[in-house]
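Chains as they are written, first to last, in our numbering: chain V, 1 to 421; chain F, 422 to 842. Built from N, CA and C at the ideal position, the CB exists for glycine as well. All values reported here derive from a predicted model rather than from experimental measurement. Here the structure comes first, spelled out in structure tokens, and everything after it is commentary.
Protein chains: 2
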Amino acid sequence: MALKKKPVTGMKDILPAEMEIRDYVIGLIKETYRSFGFSSIETPCVEHIENLCSKQGGDNEKLIFKILKRGEKLRLAEAKEEADLVDGGLRYDLTLPLSRYYANHSNELPAPFKALQMGSVWRADRPQRGRYRQFMQCDIDILGEPSNLAEIELILATTSLLGKLDFNNFTIRINDRRFLKAMAAYSGFEEKDYDSVFITLDKMDKIGLDGVAAEMKENGYAEESVEKYLQLFKEITGDVEGVRACKEKLQGFLPEDAADSLEMIITSVESAKEADFRMLFDPTLVRGMSYYTGTIFEISMDEFGGSVGGGGRYDKMIGKFTGQDTPAVGFSIGFERIVMLLMERGYKVPTSKEKKAFLIEKNMPKEGMLKVLDLAKKERAAGRQVMIMNMKKNKKFQKEQLAEQGYTDITECYRDSVDNI
Amino acid sequence: MALKKKPVTGMKDILPAEMEIRDYVIGLIKETYRSFGFSSIETPCVEHIENLCSKQGGDNEKLIFKILKRGEKLRLAEAKEEADLVDGGLRYDLTLPLSRYYANHSNELPAPFKALQMGSVWRADRPQRGRYRQFMQCDIDILGEPSNLAEIELILATTSLLGKLDFNNFTIRINDRRFLKAMAAYSGFEEKDYDSVFITLDKMDKIGLDGVAAEMKENGYAEESVEKYLQLFKEITGDVEGVRACKEKLQGFLPEDAADSLEMIITSVESAKEADFRMLFDPTLVRGMSYYTGTIFEISMDEFGGSVGGGGRYDKMIGKFTGQDTPAVGFSIGFERIVMLLMERGYKVPTSKEKKAFLIEKNMPKEGMLKVLDLAKKERAAGRQVMIMNMKKNKKFQKEQLAEQGYTDITECYRDSVDNI
Chain V
1 MALKKKPVTG MKDILPAEME IRDYVIGLIK ETYRSFGFSS IETPCVEHIE
51 NLCSKQGGDN EKLIFKILKR GEKLRLAEAK EEADLVDGGL RYDLTLPLSR
101 YYANHSNELP APFKALQMGS VWRADRPQRG RYRQFMQCDI DILGEPSNLA
151 EIELILATTS LLGKLDFNNF TIRINDRRFL KAMAAYSGFE EKDYDSVFIT
201 LDKMDKIGLD GVAAEMKENG YAEESVEKYL QLFKEITGDV EGVRACKEKL
251 QGFLPEDAAD SLEMIITSVE SAKEADFRML FDPTLVRGMS YYTGTIFEIS
301 MDEFGGSVGG GGRYDKMIGK FTGQDTPAVG FSIGFERIVM LLMERGYKVP
351 TSKEKKAFLI EKNMPKEGML KVLDLAKKER AAGRQVMIMN MKKNKKFQKE
401 QLAEQGYTDI TECYRDSVDN I
Chain F
422 MALKKKPVTG MKDILPAEME IRDYVIGLIK ETYRSFGFSS IETPCVEHIE
472 NLCSKQGGDN EKLIFKILKR GEKLRLAEAK EEADLVDGGL RYDLTLPLSR
522 YYANHSNELP APFKALQMGS VWRADRPQRG RYRQFMQCDI DILGEPSNLA
572 EIELILATTS LLGKLDFNNF TIRINDRRFL KAMAAYSGFE EKDYDSVFIT
622 LDKMDKIGLD GVAAEMKENG YAEESVEKYL QLFKEITGDV EGVRACKEKL
672 QGFLPEDAAD SLEMIITSVE SAKEADFRML FDPTLVRGMS YYTGTIFEIS
722 MDEFGGSVGG GGRYDKMIGK FTGQDTPAVG FSIGFERIVM LLMERGYKVP
772 TSKEKKAFLI EKNMPKEGML KVLDLAKKER AAGRQVMIMN MKKNKKFQKE
822 QLAEQGYTDI TECYRDSVDN I
């Protein structure tokens, strides 16, 4: 078989310039989240196929890279369907593996547990510009904390990080699954229709109020319900006043404390935030995953024109592993999108290291070589980054290339002047 | 299907205590190698099955986790053998993907190119204590540098890193494939038998000179050759004198510059090293991979009782992709073994962050909450790591747990004394 030079379809090789930004962002993420008390953890990239296909992953379950059974377990002749051939798959997110991890280790972890995960996930999506089949996710989650302190800390930590990367003017849109349900119930929709109603509502951004109304009527819902429903969105404002209006209007449909809790989150974040952004109560925010049970939130950034992160409360997932529900909230940032935005901006990593290069003449005798190595050692000890290279024929071009890489202090080392290097 | 709490066979969940050490070591590795002029790069974890099965990986090719084709490409009914079902696999090392990467991107990279890779690799080995099916590898490679400056820098960078992690008293054993061949030729073995001879020689550590002699005779080699061969190992010393003796003895069998080059590497490293270790010329060092073409080396550490890293020159691999050979040398450290040794030692990450916790009384009103959030923000700005928690019923136990995590400065926040927090 011929060897292939390109990476596999939809995945990418990362060049040094991008890697420098990635490494810097990874370092900053770890440092920032640690300062909020989060601890790094890791799960294997390979997950049980049973867990990946357990309906926790929505559409992502259609995109799994599946791993062939090995040795005697693989019985090709007897295999009738795909499921007979595989026993694992590459994880498509970090939330499902975290739930398994917590179920497996909760007695070894503090309660509540604040987890930080950075790792690759894989989805066999149709390849398109800027979207890859392997990409890094960066999630923080608080497990075992039922109060909205969890939401407040997740939003503060995430936005503090974005601020440190010079992102401003972004918006955190927030809503609550319980608000979504209460508004649907209040308008007279039946519970069995909620999911369909929310799918249409989710298009508000793109098709507007009229478009949503038209689609709902097309789907056969009572005109009265649709109008009552949409009237809500016309009235409700995107601030704590909007939350209070919901509380009053949705009495009997909304759990007692839901509105107060959401108001508290918005007020607290506005008060304690470390970055320049705004919080918006958005009753049309749906977020696709069916596992969310309460608060949901998303980061919108004008320069990206879409979401660069999001999350929410999923109090029922860990219970699927343990039989006992555990409160859980998570916030995931779109690491790849953030890196892309930084690259587009021409972001320069704030690096404090000076770069020093030594060019060594061809056939330098031992004494000269040892002298250069010794000097390089001293330069590194003084905190510099040091490149030693053999001198090329085209020295001018070599020095230009080094300068491009940031090596402006270049020493040429010749055999005749070893003592003067 | 029931959900599974344990990770997949042979792979592990990483708990916060280990993760703290891993994160620290990763940071130190990147910083150290960067100071020697290496640049981070990354390749996808999934590699073309054609590349993985191209006989570059030796026995590792038997251990590949293979990935099922997707969609229409998977034709289960027509599949006759495993190869019909798969189009990719998880990489088993970082050297093969690096060669593909360099072949794909050499015109975008400086020459020579100094690459740093840290990433997971997968091998479906029989699970055993301390060996996992997913593990981190950490490789530095210099591509496009034919001279021994590459070997010198790789060994200096790697040993400097180990020194920073307080490893001392280790040994770098060094040899050269060309020495191995010259010694076999000198002793009268035929070229077709070299591999078999080296397999036996590689057991010197375990079975000694007599064992090696016995096995070789058993394998049917002429007594005269075996004795001439083993006499060499009795005579040659593990220092530059040994290298010089080889040069003299193996004249006509060893390329002109091979011995001088090896002597230069040993002398330079001894002279410029930043850590406390010794270099040993070990003519019995074989290293398994058949792709090595020149220098080979390995780190031995008494406290581990085996190799914690190694590498060598592989000047022919990139040519398999491009049709044109490119000089290449790499040094891989056993990241997992190093972390294991540090854990066993009870290694404490040198962390400068103070840890501060706030415990909040139940039903704290808004003003109190905002006050605590504001204080936490100030503490973080002052460089501290801050944990905010709701106060538990068993406050004493909670504080003990926090103390265990390093939070010794704990402030209790009550509604009645908000102003005094």
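Contact set for residue i: own chain, Cβ-Cβ below 6 angstroms, skip 5 residues either direction
i: Ile-683/F; result: Note that residue 683/F corresponds to Leu in the displayed sequence, not to Ile. Contacts found: Asp-597, Val-664.
i: Ala-605/F; result: Tyr-615, Val-618
i: Tyr-650/F; result: Ser-608
i: Gln-385/V; result: Lys-353, Lys-355
i: Ala-571/F; result: Ile-563, Val-750
i: Tyr-101/V; result: Thr-43
i: Val-240/V; result: Glu-263, Ile-266
i: Arg-313/V; result: Thr-293, Gly-294, Thr-295, Val-329
i: Gly-789/F; result: Arg-836, Val-839
Residues sharing a beta bridge with residue i, DSSP
i: Met-539/F; result: Cys-559/F
i: Ser-728/F; result: Ser-721/F
i: Arg-734/F; result: Val-750/F
i: Cys-413/V; result: Ile-360/V
i: Leu-630/F; result: Its beta-bridge partners do not exist; DSSP assigns none.
i: Ile-595/F; result: Phe-702/F, Phe-718/F
i: Arg-552/F; result: Gln-549/F
i: Leu-143/V; result: Phe-113/V, Ala-328/V
i: Ile-435/F; result: Glu-42/V
Cross-chain neighbours of residue i in chain V, by beta carbon under 9 angstroms
i: Phe-742/F; result: Leu-3, Lys-4, Lys-5
7 angstroms Cβ cut-off: residues of chain F touching residue i
i: Asn-169/V; result: Ordered by position in chain F, no residue passes the 7 angstroms Cβ test against Asn-169/V, which lies about 21 angstroms from the chain.
i: Cys-45/V; result: Cys-466, Ser-541, Gln-555
i: Thr-104/V; result: Going by the sequence as given, residue 104/V is Asn instead of Thr. Chain F residues near Asn-104/V: Lys-426, Lys-427, Asp-434.
Within chain V, the residues that residue i reaches when beta carbons sit closer than 8 angstroms
i: Gly-478/F; result: What Gly-478/F touches in chain V: nothing, since even the nearest Cβ is about 12 angstroms away.
i: Ile-462/F; result: Asp-13, Ile-14, Leu-15, Pro-16, Met-19
i: Lys-816/F; result: In chain order: nothing, as chain V lies at least about 14 angstroms away.
Closest by C-alpha distance to residue i, when choosing among the options
i: Asp-13/V; options: Ile-462/F, Arg-443/F, Thr-453/F; result: Ile-462/F
i: Asp-84/V; options: Arg-70/V, Arg-337/V, Val-339/V; result: Arg-70/V
i: Met-738/F; options: Glu-695/F, Tyr-454/F, Thr-453/F, Asn-472/F; result: Asn-472/F
i: Glu-47/V; options: Phe-113/V, Ile-410/V, Leu-68/V, Asp-260/V; result: Leu-68/V
i: Leu-109/V; options: Ser-39/V, Tyr-132/V, Thr-95/V, Trp-122/V; result: Ser-39/V
i: Glu-153/V; options: Lys-181/V, Glu-303/V, Pro-112/V, Thr-284/V; result: Pro-112/V
i: Lys-783/F; options: Arg-345/V, Thr-9/V, Ser-147/V, Pro-327/V; result: Ser-147/V
i: Gly-406/V; options: Gly-540/F, Pro-428/F, Gly-458/F, Glu-645/F; result: Gly-458/F
i: Lys-6/V; options: Leu-622/F, Leu-517/F, Leu-484/F; result: Leu-517/F
i: Val-690/F; options: Leu-823/F, Ser-456/F, Thr-580/F, Ala-824/F; result: Thr-580/F
i: Arg-427/V; options: Glu-344/V, His-105/V, Cys-246/V; result: With chain V represented from 1 up to 421, any question about residue 427/V goes unanswered, as that position is not in the structure.
i: Ala-382/V; options: Pro-676/F, Gly-565/F, Ser-456/F, Ser-728/F; result: Ser-456/F
i: Gly-632/F; options: Thr-621/F, Gly-709/F, Leu-519/F; result: Thr-621/F
i: Asp-282/V; options: Asp-202/V, Lys-249/V, Met-289/V, Lys-393/V; result: Asp-202/V
i: Phe-610/F; options: Gly-629/F, Asp-626/F, Ser-646/F; result: Ser-646/F
i: Thr-430/F; options: Lys-655/F, Tyr-553/F, Met-785/F; result: Tyr-553/F
i: Ser-332/V; options: Ile-388/V, Ile-29/V, Gln-398/V, Glu-81/V; result: Ile-29/V
7 angstroms CB neighbourhood of residue i in its chain, flanking five on each side removed
i: Ile-49/V; result: Lys-66, Val-86, Asp-87, Gly-88, Gly-89
i: Glu-800/F; result: Lys-777, Val-807
i: Phe-170/V; result: Leu-162, Phe-277, Ile-299, Ser-300, Met-301
i: Asp-514/F; result: Gly-478, Asn-481, Val-542, Gln-558
i: Tyr-347/V; result: Ile-21
i: Ile-842/F; result: Lys-792, Val-793, Leu-796, Thr-832, Cys-834
i: Gln-555/F; result: Met-432, Ser-541, Trp-543
i: Gly-130/V; result: Met-340
Proximity test, residue i beta-carbon vs the ligand SAH heavy atom, cut-off 8 angstroms
i: Ile-174/V; result: Annotation note on the ligand SAH: not contained in the displayed structure, which lists no ligands.
Beta-carbon proximity list for residue i, same chain, < 8 angstroms, skipping 5 on both sides
i: Val-25/V; result: Leu-165, Phe-335, Ile-338, Val-339, Leu-342
i: Phe-725/F; result: Arg-758, Leu-762
i: Leu-701/F; result: Thr-592, Ile-593, Arg-594, Ile-595, Gly-659, Asp-660
Where residue i meets chain F, residues with beta-carbon distance less than 9 angstroms
i: Phe-36/V; result: Ala-797, Arg-801, Gln-806, Val-807, Met-808, Ile-809
Within chain F, the residues that residue i reaches when beta carbons sit closer than 8 angstroms
i: Thr-267/V; result: Lys-787, Leu-791
i: Val-86/V; result: Leu-489
Within chain V, the residues that residue i reaches when beta carbons sit closer than 7 angstroms
i: Tyr-522/F; result: Asp-13
Which parts of the stretch 22 to 107 of chain V are runs of the alpha helix (DSSP H), unbroken and 4 residues or longer, counting only runs that do not cross its ends? Complete alpha helix (DSSP H) runs here, min 4: 49 to 52, 95 to 105.
Beta strand (DSSP E) runs wholly inside the stretch 757 to 827 of chain F, at least 3 long, in chain order: Qualifying beta strand (DSSP E) stretches, in chain order: 776 to 781, 806 to 811.
Continuous alpha helix (DSSP H) assignments of at least 4 residues falling wholly in the stretch 640 to 691 of chain F: Entirely contained in the stretch 640 to 691 of chain F, the alpha helix (DSSP H) runs reaching 4 residues are, in chain order, 644 to 656, 661 to 670.
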